[in-house]
Structures are given as C-alpha cells and as structure tokens.
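All the letters of the sequence shown, read from the start, carry residue numbers 975 to 1342 under the working numbering. Everything on this sheet refers to the single structure shown next.
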Amino acid sequence: MKKTGVCILAMLVMLAVGCGAQGQGSGTQEEEPQGTEASGDEMALTKPQPAQQSTPEMEKENEANRKPVQEAAVDSGQTAQEEAATDSGQAAPGEGQTLLSAEDLYEPEIQGQDVTEEIPEKHRVNKLQIVFLGDSILDGYRNETGIADLTGMYCDADVYNLAMGGTTAALSTDESAEYEKWTSRCLQGVVHVICGNVGDGLLDGHKAKEVYESCDFSDTDYFVLEYGMNDFLSSIPLNDEGDVYDPYTYVGALRIAVQNLRESYPDAQIVLCSPNYAHFWSSDGKYLGDGNMSSNGVANLVEYHRVCGNVANDMKTLFMDGYEGIGLDAYTADEYLEDGIHLSEKGREAYAKKLSQIILKCEETRNN
975 MKKTGVCILA
985 MLVMLAVGCG
995 AQGQGSGTQE
1005 EEPQGTEASG
1015 DEMALTKPQP
1025 AQQSTPEMEK
1035 ENEANRKPVQ
1045 EAAVDSGQTA
1055 QEEAATDSGQ
1065 AAPGEGQTLL
1075 SAEDLYEPEI
1085 QGQDVTEEIP
1095 EKHRVNKLQI
1105 VFLGDSILDG
1115 YRNETGIADL
1125 TGMYCDADVY
1135 NLAMGGTTAA
1145 LSTDESAEYE
1155 KWTSRCLQGV
1165 VHVICGNVGD
1175 GLLDGHKAKE
1185 VYESCDFSDT
1195 DYFVLEYGMN
1205 DFLSSIPLND
1215 EGDVYDPYTY
1225 VGALRIAVQN
1235 LRESYPDAQI
1245 VLCSPNYAHF
1255 WSSDGKYLGD
1265 GNMSSNGVAN
1275 LVEYHRVCGN
1285 VANDMKTLFM
1295 DGYEGIGLDA
1305 YTADEYLEDG
1315 IHLSEKGREA
1325 YAKKLSQIIL
1335 KCEETRNN
C-alpha cells in the first residue's frame, strides 16, 4: 500500500459517515474470526457465526451516504468534475464525495504470483465440494495463501476455482445476452457454461477451463460467487427498477446467476460475496478516496456491497460480507490491502476464515 499517511483522511471520513467495520447500521459488530495453528487438516476455527443479511438499517445508511458529507474531503477540482459528470449524463457526487475519472477506474496488476493451487483429481466421498466463481480477488492468488485454498483447508473440502481476473458480474453494453451470440466471461457467462447454456470455449486460455473440465458440478455443495469490484470500476449500473433481472446491471446479473444455478443444481447452497472495502489511487500516486467517498458516476463502492446483501436477503442465499465483515476498514487498510484494491495475505486469510465460518455454520444447520 503506498502513501500510508493519507489514510488519516480516510479515517476522518469513516468517522463522519459512520461506515466501515466500526459502528455499522446493522447494529452489530462481529469480531474477526481467529484460527488455531495446526498442521495438515487439523486447522481449527472458532465457533462459526450466522451469515450476515442486509437490514433496513443498511438501506437507511445507503441513502445517507448519497447526501453531502465531510466538506474537508472535497477535491480542489470538484466543480470541474461535477460539470464533467453532468455533461456525460452521470450523476455528480455529493459534497464530500470524489468522482473518479475513467483513467482512475482501473484495476492494479497483481505481481508475479506462483500458481500451486491443485485441482482435485476426483471429488472425495463424504467431503464438501466448493466451487468458486469470481474475479482477480480469487484468480490472482492460486496458491496456499489464496482464498480458495485456505477455505478448502478450513472446511476440509475439495475446491474448484473458476475465477477469472478482470471480470464483472454484469454484461457490458456492447455484449449480447442471447445464448447463441454469447461471448462474455462475466459471472453470467460462467454460470451459463456450468449449466450447459453456452459452450465451454468461453473459458479457453484461462485456468478456469482446466478446472471446469475436472469438476462434476452435480457434486457441488456450495457455489461461492465473488464479484462487484470490476462492476464498480466499469461503472456498471446497480439495478434497473423496471427489470430486476436486467443482465446489464449488477443486481440483475447476481439474480440471474442465482436463479440459473438453483434450477440446475437445486441441492447446492449459494454464497453471494460482496466486494471488499478499497482505497483508490491515481496513476501518478495521488490518493483519491475510499469505497465510501469515491463515486464512479453511478454509485460508491459501498453501495455495490449493500445491494449484494439485498439480493442475498431477497433470494435467500448465504451472504459473505467482504466489505465490513472481515476487519478491513480505513484503520486496517495498510495491513489488509496490498495495492488499495486486492487483499494482502493477511486480508485473504481473514476473508477465508469468515467465509469458512459461514459455510461450516450452514453445515451445522443442514446436518441437524
């Protein structure tokens, strides 16, 4: 994480807005899950906590974040940004909010990660099978420090990681939603491949293709869907009030994926994972703001997190709170983030522990 000192600004904003992991609208704060060091499969977790769901308080807080906050955080070029937003048809951010330019909405490149993640030769009888779909948060770390590997260890499960870096949940406006014309590797595309709606050539050139060919999806106990950061960076609309299944919106894409997976694999549980808290930097190293105060012209990153929770609540899936539920906020960003967006090794471990708690808690319920 670069330019550590500017995090003080983010801390001030967090105190003013009331977001982050401290004092949330949900009214509860769970402690970061702690693991017990052991060898092999003997790694233990503390007693799992119930999966979090969105609440009316989250909705009220979401609305509050659209209003002017923290006047001191306004960039000196704010007026010009607001004018540019109006000219482009985008919503100008409120006072205290920073509108990110197209050049600022980029995903930092992950540097030189070794790929040691093993694909199970055959699913073990009486063991959980967890299938991961996501972006570079999962795809960028295919080793023993990756979220998929760690979750497999904590849950003693076989894991199949179909994540592909740079992907969104939603379609972009220049992509077709018709099966016969489908070309997108977004969440919906991967789900359509798994469900047999489109050909698996969509995965060519990615590790996900090899994983796909090795997996019997009918054995899947949990599908983990982790998307949203690239939807924010791509300025994908949050939703369409007239069509909650609009494939060109973040909400619509999540709903389509859940619906299709349930129709094809009704016995599997689905975990929707929200995007994680983030800091944003310009290409020249200038701090631009965090996920609470930085807008893509459509919404702030925290709003993508909230609507993900809303979909999980509405469609009765499990919900992994990657934004506020793993101990990551303005105070811990230097430890939990390696480039402002991607999780550090410590952040990935916290994420995997939280996800594992949700899965193991669900297993307790299913087995009783």
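Yeah, the Cβ is synthetic: ideal placement off N, Cα and C, and Gly gets one too.
7 angstroms CB neighbourhood of residue i in its chain, flanking five on each side removed
{"i": "residue 1205", "result": "1142, 1143, 1144, 1224, 1278"}
{"i": "residue 1281", "result": "1212, 1213, 1224, 1225"}
{"i": "residue 1229", "result": "1218, 1219, 1285, 1289"}
{"i": "residue 1340", "result": "none"}
{"i": "residue 1195", "result": "1102, 1103, 1104, 1242, 1243"}
{"i": "residue 1135", "result": "1091, 1106, 1112, 1116, 1122, 1185"}
{"i": "residue 1262", "result": "1072, 1074, 1078, 1254, 1255, 1256, 1268"}
{"i": "residue 1149", "result": "1157, 1158"}
Beta bridge counterpart(s) of residue i as assigned by DSSP
{"i": "residue 1200", "result": "1108, 1247"}
{"i": "residue 1072", "result": "1268"}
{"i": "residue 1216", "result": "In the DSSP output, where bridge partners are listed per residue, residue 1216 has none listed."}
{"i": "residue 1132", "result": "1103"}
{"i": "residue 1301", "result": "Answer is none; residue 1301 lacks a bridge partner."}
Residue i, enclosing alpha helix (DSSP H) - first and last residue
{"i": "residue 1341", "result": "1319-1341"}
{"i": "residue 1284", "result": "1275-1289"}
{"i": "residue 1308", "result": "1307-1310"}
{"i": "residue 1166", "result": "1161-1168"}
Chain-order list of residues whose beta-carbon lies under 8 angstroms from that of residue i (same chain, five-residue window excluded)
{"i": "residue 1087", "result": "1114, 1115, 1116, 1117"}
{"i": "residue 1187", "result": "1174"}
{"i": "residue 1089", "result": "1116, 1117, 1181"}
{"i": "residue 1137", "result": "1106, 1107, 1108, 1109, 1110, 1111, 1112, 1113, 1122, 1182, 1200"}
{"i": "residue 1159", "result": "1138, 1141, 1176, 1177, 1180"}
{"i": "residue 1235", "result": "1165, 1168, 1169, 1197, 1242, 1244"}
Run of the beta strand (DSSP E) containing residue i, from where it starts to where it stops
{"i": "residue 1292", "result": "1292-1294"}
{"i": "residue 1253", "result": "1253-1255"}
Secondary structure of residue i, DSSP reduced to three states
{"i": "residue 1149", "result": "coil"}
{"i": "residue 1185", "result": "helix"}
{"i": "residue 1239", "result": "coil"}
{"i": "residue 1192", "result": "helix"}
{"i": "residue 1139", "result": "coil"}
{"i": "residue 1115", "result": "coil"}
{"i": "residue 1124", "result": "helix"}
{"i": "residue 1314", "result": "coil"}
{"i": "residue 967", "result": "What the structure shows of the chain is the stretch from 975 to 1342, and residue 967 is not part of that stretch, so it cannot be assessed."}
{"i": "residue 1078", "result": "coil"}
{"i": "residue 1085", "result": "coil"}
{"i": "residue 1144", "result": "coil"}
{"i": "residue 1229", "result": "helix"}
{"i": "residue 1178", "result": "coil"}
{"i": "residue 1171", "result": "coil"}
{"i": "residue 1224", "result": "helix"}
{"i": "residue 1096", "result": "coil"}
{"i": "residue 1091", "result": "coil"}
Residues of its chain near residue i, where Cβ-Cβ distance is below 6 angstroms and the 5 sequence neighbours each way are ignored
{"i": "residue 1096", "result": "none"}
{"i": "residue 1344", "result": "Residue numbering for the chain in the displayed model covers 975 to 1342; residue 1344 lies beyond these limits and cannot be assessed."}
{"i": "residue 1125", "result": "1326, 1329, 1330"}
{"i": "residue 1094", "result": "1132"}
For the structure I just gave you, are there three or more beta carbon pairs, one from the stretch 1296-1304 and one from the stretch 1314-1331, closer than 8 angstroms? yes
Quick test of the definition: if touching needs 3 or more C-beta pairs under 8 angstroms, does the stretch 1153-1160 touch the stretch 1233-1250? no
If contact is defined by three or more beta carbon pairs under 8 angstroms, each pair taking one atom from either stretch, is the stretch 1310-1322 in contact with the stretch 1248-1256? yes
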